[in-house]
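The listed protein sequences derive, respectively, from chains A and B.
Using UniProt numbering, the letters of the first sequence correspond one by one to residues 1 to 397.
Using UniProt numbering, the letters of the second sequence correspond one by one to residues 1 to 123.
Input: a single structure, listed below in structure tokens.
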Amino acid sequence: MAVSTIYSTQALNSTHFLTSSPSSSSKQVFFYRRQTNRRFNTIITCAAQQTVVIGLAADSGCGKSTFMRRLTSVFGGAAEPPKGGNPDSNTLISDMTTVICLDDYHSLDRTGRKEKGVTALDPRANDFDLMYEQVKALKSGIAVEKPIYNHVTGLLDAPELIQPPKILVIEGLHPMFDERVRDLLDFSIYLDISNEVKFAWKIQRDMAERGHSLESIKASIEARKPDFDAFIDPQKQYADAVIEVLPTQLIPDDNEGKVLRVRLIMKEGVKYFSPVYLFDEGSTISWIPCGRKLTCSYPGIKFNYQPDSYFDNEASVVEMDGQFDRLDELIYVESHLSNLSTKFYGEVTQQMLKHADFPGSNNGTGLFQTIVGLKIRDLYEQLIANKANAPTEASKA
Amino acid sequence: MMLPSPSRALQNQQPLIGSDMFRLKQTEPRGLRLVVAATAKYKGTKMREEKLSEMIVEKVKEATEVCEADVRSEECKVAWDEVEEVSQARADLRIKLKLLNQDPLESFCQENPETDECRIYED
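Right, here's the structure in full:
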């Protein structure tokens with residue numbers, strides 16, 4: 001394990017050092033100095049890189065711009081493409097976070113995939129070895145030259161230099177597909193959109209384009225299903241948190257997909273991650289906040305909380321069906337949820353307001369994306385604190 | 001759906017009092033407000049928008065033809081995957097311009113204002 005440069009100074013005589021490698025992401029050197037009748041320890045950390053790696057999986061590659069922005073905005077600062085680089089870069093950089101699009105690890109460009117007869121969803125179109133090497137390097141504090149997949153031209157462009165950030169988010173179709181990459185993740189999220197909602201969203205997305213019609217959108221989703229079910233969907237069993245988006249149950253036969261039922265499934269027992277709960281942890285609660293204290297407009301809001309099992313793992317599920325129509329509904333709901341990892345009362349509401357014009361701002365998608373962002377911040381701070389404490393423990397020896 | 005201007009969004013960050021001050025679905029503009037340019041700022045971006053839209057037309061046509069033979073074939077899956085890729089790229093560009101107010105060529109054009117791509121696009 002590499003040791004950072006050691007400087008000997010006059011003040012330290014007869015130094016004795018031990019290197020410890022609690023994990024691949026920190027480099028620390030301990031100096032231990034012994035004097036005649038006293039013994040004391042000096043601890044010097046050098047270039048300790050504490051990169052936290054988050055994986056985010058969903059269909060349609062890296063189209064989750066608004067989710068990303070909500071997530072990174074919790075840390076402050078706007079995430080922007082690298083300045084002065086390739087304008088078709090998929091990367092986003094803010095003060096604390098760097099978001100990498102996994103499409104950049106396509107081993108086959110559009111022409112190559114056509115020749116081989118594989119879709120982008122197929123693992124054969126992706127270079128998992130390179131993905132693993134580079135994520136591992138960034139996690140260890142080493143900058144990498146990452147390729148760029150250009151979605152406009154369908155070609156692989158010249159690489160861009162990525163500096164190791166404090167928080168690295170890898171988003172795309174296969175963040176949890178390769179076991180080695182999975183092991184590098186400190187936290188993983190899967191965005192699970194049901195077929196009906198997917199259809200409704202794609203209609204909203206594509207109907208304005210003159211090339212598209214209802215039939216083409218339908219055909220595109222159908223053709224995509226086999227590869228999606230085979231390669232992408234199975235990843236959700238590995239996720240620490242799953243955001244499931246379903247049609248509402250509050251309006252019978254609603255097929256517009258405007259009102260949504262969103263479930264936040266949180267795995268129990270994940271290090272540094274304490275699930276959100278409603279009223280009483282581990283119990284089953286059904287809650288309609290609208291009533292005497294709060295008036296909501298149709299169709300209202302309904303919450304559910306319960307322990308459950310998800311792919312043989314113990315999990316807790318918080319569910320929101322309906323829409324926020326007014327600010328005070330949002331504050332009211334926030335004040336009744338527990339374990340949000342907020343730093344002050346109203347932080348969730350404030351974050352939601354910051355991006356009030358993003359899709360999902362009035363329903364569970366925006367709410368749970370924001371909450372997941374706060375959970376990641378909490379996880380990051382705990383990880384850092386934990387690594388800082390490790391040396392003091394070792395020195396007590 | 002009317003998207004509020006950034007100034008409107010900033011207004012919403014004021015004291016969280018009063019139930020009707022905040023409307024997540026914006027309806028009528030209140031008085032004068034900044035209208036954000038919802039289209040491309042630079043010629044290069046406008047060209048990209050048009051190119052992507054054209055590619056969607058082309059690729060949907062291609063996929064429909066290829067799939068006529070066999071809807072389960074690899075060629076059919078790949079053809080629709082290309083449609084999806086280009087459709088998403090088009091949507092991403094739209095989101096960047098409208099919601100995030102970021103023209104992808106912004107920083108390139110700051111450095112190279114002379115290039116053809118960086119001519120300001122006038123509607």
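Don't be surprised by glycine CBs; every beta carbon is placed ideally from N, CA and C.
Since the model is a prediction, treat every value here as computed from it, not as a measurement.
**Prompt:** Would you say B/Pro-104 faces chain A, with C-beta separation under 8 Å as the test?
**Reply:** yes
**Request:** Spell out whether any CB of chain B is found under 8 Å from the CB atom of A/Thr-97.
**Result:** no
**Asked** Are the stretch 189 to 205 of chain A and the stretch 232 to 249 of chain A touching by the rule of at least three beta carbon pairs closer than 8 Å?
**Response** yes
**Prompt:** Applying the criterion that 16 or more other CB atoms from any shown protein chain within 10 Å of the CB defines a buried residue, is A/Ser-297 buried or exposed?
**Reply:** exposed
**Prompt:** According to the neighbour-count rule (16 or more other Cβ atoms, all chains shown, within 10 Å of its Cβ), is A/Ala-143 buried or exposed?
**Reply:** exposed
**Prompt:** For A/Phe-177, which option in A/Phe-75, A/Lys-236, A/Glu-347 has the closest C-alpha, if you only look at C-alpha atoms?
**Reply:** A/Lys-236
**Prompt:** A/Ala-390 by DSSP, collapsed to three states: which one?
**Reply:** helix
**Message:** Assuming the contact rule is C-beta atoms closer than 8 Å, A/Leu-71 and A/Glu-80 should be a hit. Round their C-beta distance to whole Å, please.
**Reply:** Rounded, the Cβ-Cβ distance is 14 Å, inconsistent with contact.
**Message:** Less than 8 Å between CB atoms is the rule here; does A/Phe-177 satisfy it with respect to chain B?
**Reply:** no
**Item:** Nearest candidate by alpha-carbon position, reference A/Phe-344, set A/Pro-234, A/Ala-315, A/Leu-374
**Value:** A/Leu-374
**Request:** Evaluate residue 128 of chain B with the Cβ neighbour count: other Cβ atoms within 10 Å of its Cβ, from every protein chain shown; 16 or more gives buried, anything less gives exposed.
**Result:** Outside the displayed range of chain B (1 to 123) lies residue 128 of chain B, so it cannot be described from this structure.
**Request:** Find the residues of chain B that neighbour A/Ser-220, judging by a C-beta separation of less than 9 Å, and give them in chain order.
**Result:** Val-60, Ala-63, Trp-80, Asp-81, Val-83, Glu-84, Ser-87
**Message:** In the DSSP output, what is A/Pro-247 paired with across the bridge?
**Reply:** A/Leu-260
**Item:** Chain-ordered neighbours of B/Glu-49 on chain A, where CB pairs are closer than 9 Å
**Value:** None at all; the shortest Cβ gap to chain A is about 10 Å.
**Asked** When Cβ atoms are compared, which residues of the stretch 210 to 234 of chain A fall closer than 9 Å to chain B?
**Response** Arg-210, Gly-211, His-212, Ser-213, Glu-215, Ser-216, Ile-217, Ala-219, Ser-220, Ile-221, Glu-222, Ala-223, Arg-224, Pro-226, Asp-227
**Prompt:** On the three-state DSSP scale, how would you describe A/Ile-288?
**Reply:** coil
**Request:** To the nearest angstrom, report how far apart B/Asn-112 and A/Gln-323 are at their CA atoms.
**Result:** 46 Å
**Asked** Going by beta carbon distance, what residues of the same chain come within less than 7 Å of A/Tyr-380, once the five residues before and after it are set aside?
**Response** Val-52, Ile-167
**Request:** Step through the CB atoms of chain B and report whether any lies within less than 8 Å of the CB of A/Val-152.
**Result:** yes
**Request:** Using the Cα positions of A/Asn-386 and A/Leu-138, report the straight-line distance between them to the nearest angstrom.
**Result:** 20 Å
**Prompt:** CA-CA distance, A/Glu-268 and A/Phe-187?
**Reply:** 13 Å
**Partners in chain A for B/Cys-67, counting only beta-carbon separations shorter than 8 Å** = Ala-219, Ala-223
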